[in-house]
Every structure is written in structure tokens, then in C-alpha cells.
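Numbering (our numbering), first residue to last: 306 to 466. Beta carbons are placed, not taken as given, at the ideal position from N, Cα and C, and that holds for glycine. I have placed the structure first, in the form of C-alpha cells, so that the comments after it can refer back to it.
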């Protein structure tokens, strides 16, 4: 039997890493709102889904520099999360997906846990390597057993977790 657990640790990024985390959060929010607007206006008539929007995303990344700077896995994950939100809505398990606001906490996910190795440096802390960000210090008192499947980074009250 597999047991899946989530461990929350506090991240301590440097100033440049924190700016880049904010940029990634803004890019994921922009992409979510853009994809949601496309689905609301053209979704039924043009048969938009995650795969057709992924093709448009590659074109958009070649044109916009600040989207090119963000990790592509994170942006692809936004589209799959939106697809899942629409599936839950049509199955009547959730409400209609809402636009994301800047005032709310930014959150994004790196879906490949293998690309995020970590090291314990002290008893209470260590460092985690995130794609295009490098090593980020963290503090967490529990050991992380097993294999990391994905890494979700979120900003809550100006602190990163």
C-alpha cells in the first residue's frame, strides 16, 4: 500500500530568487487567466483543450521573453490544472473555475520530483534545488522519507513554503 504525504517546509530564498519566484507566480496567474478566458469565449465552438492550448503556449513563449524565462513544466502544469478544474466542474464536483487575483497567494507546482533533489545540511534545515532557480534553503524539522513526486511552491503572507 502506498502512502502519500505532504510535507510543508519554509523556504528562505535569496533576493534574486524571491524576485524570480514572484515572476513565476505572475506568469502562472497570467497563463491561467488567459487560458480560462479562451475557454469561456471559444471553448465549445473551437474545441479547446489542454493540448491545443499547449501548442499555443509554445508559440507564446517564443514571442514573450518573461514567459520564456519561466520553467516550461510549471506552465504546462497550469494548463493541466485548468483541465482538471473543468472536468470537476462538468462532473458537478466543484464550481466553475475562477480567475486568479494578484492579491491572493501565488502557487505553482514543479511536476517532476526527480528534478528537485534536496540535501540536509543541519538537523532542522537544508537546501532544495529547483529548476532555473538553483539551490534554495529551507527549514523543516521532519525528515522527508521516500521519493519526492512533485514540489508545490506557494507564497503566504510574504513567506514562501
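What does DSSP give as the partner residues of residue 424 in its beta bridges? 432
Alpha-carbon to alpha-carbon, residue 428 and residue 362: 42 Å
6 Å CB neighbourhood of residue 460 in its chain, flanking five on each side removed: 410 and 411
When you compare only the Cα positions, how much space is there between residue 444 and residue 346? 44 Å
Following the continuous beta strand (DSSP E) through residue 456, name the residue where it begins and the one where it ends. 456 to 461
To the nearest angstrom, report how far apart residue 312 and residue 466 are at their CA atoms. 10 Å
With distances taken between CB atoms, is the gap from residue 435 to residue 415 smaller than 8 Å? yes
Between the C-alpha atoms of residue 331 and residue 343, what's the straight-line distance to the nearest angstrom? 18 Å
Return the residue from the list 447, 458 and 335 that minimises the CA-CA distance to residue 372. 335
Start-to-end residues for the alpha helix (DSSP H) that takes in residue 316: Looking at the DSSP string, residue 316 is not in any alpha helix (DSSP H); the run it does join, the beta strand (DSSP E), is 315 to 317.
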